[in-house]
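Beneath this line is the structure, given in C-alpha cells, with notes to follow.
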Amino acid sequence: LISFSRISFYLCCAKCHRCEGYINQSMPTYDSLVSSLYRVNLFQPGKLCLKNISKLNSLMGDPAKELKIIHLAGTNGKGSVSFKIAKTLECSGYTTGLFVSPHISSFRERIQINGKLITEDEVVEHLTKVNALCEENEIPATFFERVTATAFSHFKHSKAEVVVLEAGLGGRLDATNIITPILSIITSIGLDHTKILGETIEAIANEKAGIIKPGVPVIVGKSCPFDQLKRIASSKNSRAIRPEDVEANPYPNPYTMNPDELDYDTENSYTASSSLAYLKTRNILPKINDECILSGVKIRPPCRFEILSVNSGSKKIKVVLDVAHNPIAIEKLVKMLKRKFPGKNFRFMIGMSRDKDIKKILRTVGNEINNSPRGGLHFARASTPRAASFDEIEQIKNEVFSDWRRENVSFDERNYVIEEASLEVKACIRQVLNKTDEENEVVVICGSVFIMCEVRQALGYNEPADSSVIEETVGIKNCATQDNLSQK
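Under my numbering, the first residue of the sequence shown carries the number 19, and numbering increases by one thereafter.
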C-alpha cells in the first residue's frame, strides 16, 4: 500500500526526475529534499485547516507546547515587526528562534536561531523526520504545514528560549495557530489574499483575529479595526491593547507627529517596541532592556526600504529595494520615498504576483510618475508561476490608460514599459539603470518577494542562496505548491 505522500512524490519524479536521490538513498540531500517539498500538493490544493499540523505536532512529541512563543499576524508589517522583536530579544540575552515567510534567496531564511539560518544538514534532519511521519501516518500535510513542523522541531532541538512566530496566511486556519503564545500581535489589516481570506476588511480581520487565544493579550497595530478586534478579544477573555496604551515604552509615540511625517517603518518599530515593553513590564521576559529595544527596532530585514548605491558605468545610482506588493503597502512606500528623497523623480521596476490588485497599484505609482518631469515604470517578471504574465499586465495597463483618458489625466505612454518576455531580471535592471538620470532620479525595485532573489543576485549580493536545482523547481510552470490552498 502506497501512502498519499509517496504517491505525490512519485508523480513529481515521473515528471522531472530531479528527486531520484530521495528514492535511491536512505538520507536525501538538501537539494532533493527541498525540491520535493515544493511539489507537495502540486496536483490538488491543500485544505487550510489545523488537523494535519496538530496530528504532526502530536506525533513529534508536541514541541510547540514546550516553546515560549510570540505569535504575529497581519496584512503588512508582520515580517518587519517579527524581525525587530527577534533582534531585540537576541540583544537582551535570549536564545531566540525566528520563523518567517516567504524567503528571499534561500529556503533556510525561514527558520533562524539568533540570526543564524538553519543549516542544510539541519533541514535534512528535521524535514526527513516530518516527511516520514506524514508517510507512515498518511497525513496529507501541505508545504507550509511541513515547514512549520520542521521549525517547531528545530527550535525545540536548539533549546530556543523564545520563538517569534510569523503566521503564513491569515491566522485562524494557519499552520502556526496550534500554539498558545505568551503574546499575540496583529500588525495591520488590509485587502490582500481576498480569494482565500475574504473580500472585506471585516472578513479579513476575523481571520487574522483567529490567533487571539483565551487569556492571552493581543497588541493591535494602528492600521487595524481596533473595535472589532477588541470585541473578539473580549469574547475570549483576552485584552486588546493599542501600542500607545503600553506603559514604559522607551520608543517615542509617533502618532503625536504630523501624519505626513509618519512612515511604515516607524509604525512597525512602535508596534514592536510596545510589544517588547509589555513583555518586560509584566515580567514575562524580564531580561528585555530599553537599550536593546531602541537598538533592536531600528534594524530592518532585507528588502524593506533597503537603500543602495549602485555603480552603472560612470553613474552612481540610488536604488531602493522594497517588498511592497499590495495597494496599501505601495501607497506607504511612495509616501516614504517622497519624504526620504524630496525633489527627486522615481523610476520604478515592479514585478507582481497575478493575485494582487495590479490595477490599483499601477494607478498609485502612475499618479507619482504622471506628476513628475522624469521617471517611469518598468514591469518585469520573476521566474515563478505566481507572477503576472506580460499579457495580463498589458491588459491591465490598457485599462488604466483608458481610465486616465476618460478622467482627462495627462500621461505619457512611453513612461510605462513592459520589458520583453525574453529578458531576464538582470537584463531588465540593466535597461532601467541605463535610462536613469543619476542626478534627478532614484530607482525603486518593488513588488513580489519572488523577484527579489534575482534582483539581489543581479546587484552582486553575496549571501546564502539555494541552488539552481531548487530554483528550477520553484519556477516550474504549474501552481506554486505553497500557495495552492483552499478553505473549501
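All C-beta atoms in this analysis are idealised placements derived from N, C-alpha and C, irrespective of residue type, glycine included.
Within the continuous beta strand (DSSP E) that includes residue i, where are the two ends?
i	result
Phe366	363-369
Ser330	324-330
Lys336	333-340
Leu395	394-397
Ile414	Taken as a continuous stretch (DSSP letters only), Ile414 belongs to no beta strand (DSSP E), being part of the alpha helix (DSSP H) at 408-424.
Ile131	129-131
Between which two residues does the alpha helix (DSSP H) containing residue i stretch?
i	result
Phe244	244-253
Tyr112	Counting along the chain, Tyr112 falls outside any alpha helix (DSSP H), and DSSP gives it neither H nor E.
Phe170	161-175
Val352	345-358
Leu90	Taken as a continuous stretch (DSSP letters only), Leu90 belongs to no alpha helix (DSSP H), being part of the beta strand (DSSP E) at 87-91.
Ile379	376-388
Ile311	308-314
Ile71	69-77
Asp139	138-154
Glu285	282-299
Ser123	No alpha helix (DSSP H) contains Ser123, which DSSP labels as neither H nor E.
Ala483	Premise fails: Ala483 is in no alpha helix (DSSP H) and is neither H nor E.
Ser14	Any property of residue 14 remains undetermined from this structure, which presents the chain solely from 19 to 506.
With distances taken Cα to Cα, identify the nearest neighbour of residue i among the options.
i	options	result
Gln413	Ala476, Arg372, Ile197	Arg372
Ser485	Leu145, Asn70, Ala169, Arg126	Arg126
Val337	Leu355, Ile411, Lys350, Pro270	Leu355
Thr194	Leu90, Met367, Lys377, Gly394	Leu90
Ala132	Thr114, Phe170, Lys358, Gly478	Here residue 132 turns out to be Asn, not Ala, going by the sequence shown. Measuring from the Cα of Asn132, the nearest candidate turns out to be Thr114.
Lys96	Thr166, Ser76, Cys242	Cys242
Lys453	Phe364, Glu309, Met78	Phe364
Ala223	Leu77, Arg249, Pro199, Ile200	Arg249
Asp210	Asp308, Glu154, Met370, Asn70	Met370
Pro268	Ile259, Ser256, Leu312	Leu312
Gly478	Asn458, Phe408, Ser420, Ser327	Ser327
Ala400	Gly394, Gly393, Phe408	Phe408
Thr168	Leu191, Asp139, Glu154	Asp139
Phe170	Pro360, Arg190, Gln130	Gln130
Ala398	Asn416, Ile447, Leu77, Lys353	Ile447
Ile325	Lys358, Leu294, Leu297, Pro345	Lys358
Gly92	Asn344, Lys134, Ser110	Asn344
Lys69	Ile204, Arg164, Glu179, Ala342	Arg164
Ala295	Leu280, Gly79, Glu279, Ile259	Ile259
Arg257	Asn426, Val450, Ile204, Gly79	Ile204
Arg57	Phe162, Ser100, Trp422, Lys353	Phe162
Quick one: Cα of residue i to Cα of residue j, how far?
i	j	result
Lys444	Ser253	52 Å
Val315	Leu107	10 Å
Pro81	Glu456	53 Å
Asp430	Asn388	7 Å
Val236	Phe244	11 Å
Asn276	Val141	47 Å
Lys495	Asn480	Its pLDDT being 35, under 50, Lys495 is placed unreliably by the model, and nothing is read from it.
Thr146	Arg322	33 Å
Arg128	Phe117	5 Å
Val234	Ser202	7 Å
Lys378	Ser54	36 Å
Leu85	Ile200	10 Å
Glu489	Lys213	27 Å
Asn42	Asn149	In this predicted model, Asn42 has a pLDDT of only 41, less than 50, meaning its place in the structure is not dependable; the value taken from the coordinates is given anyway. About 16 Å.
Gly331	Arg474	18 Å
Ile432	Glu472	Reading off the sequence shown, one finds Arg at residue 432, where the question assumed Ile. Near 26 Å, if we compare the C-alpha coordinates of Glu472 and Arg432.
Ile302	Val238	19 Å
Lys105	Asp308	13 Å
Leu191	Ser124	26 Å
Ile469	Leu339	11 Å
Pro319	Gly465	16 Å
Gly393	Lys102	33 Å
Ile230	Gly189	9 Å
Arg300	Thr284	24 Å
Asn416	Ile346	22 Å
Leu247	Ile219	12 Å
In its own chain, which residues sit with a C-beta less than 6 Å from the C-beta of residue i, not counting the 5 before and 5 after it?
i	result
Lys350	Tyr282
Ile197	Ala82, Ile87
Gly39	Residue placement at Gly39 is poorly supported in this model, since its pLDDT is 40, which falls under 50; the coordinates still yield a value, given next. Once the five neighbours on either side are set aside, the close Cβ partners of Gly39 are Pro46, Thr47, Ser50.
Lys73	Ile157
Val181	Leu85, Ile87, Gly115, Phe173
Val383	Phe366, Leu395
Val52	Phe125, Ile488
Val341	Cys321, Val467
Ser390	Asn363
By Cβ distance below 8 Å, which residues in the same chain neighbour residue i in space, the five residues on each side in sequence not counted?
i	result
Glu410	Arg372, Ile376
Leu135	Ser124, Arg126, Glu127, Ile129, Pro482
Which residues in the same chain have their Cβ closer than 7 Å to the Cβ of residue i, if we skip the five residues on either side of it in sequence?
i	result
Leu381	The question names Leu, but residue 381 in the sequence shown is Arg. Cβ within range, chain order: Val418.
Taking the runs of the beta strand (DSSP E) that are 3 residues or longer, which of them lie wholly in the region 185-273? Those beta strand (DSSP E) runs which fall completely within the region 185-273 and span 3+ residues are 201-206, 236-241.
Residue ranges of each beta strand (DSSP E) within the region 435-479, 3 or longer: 459-465
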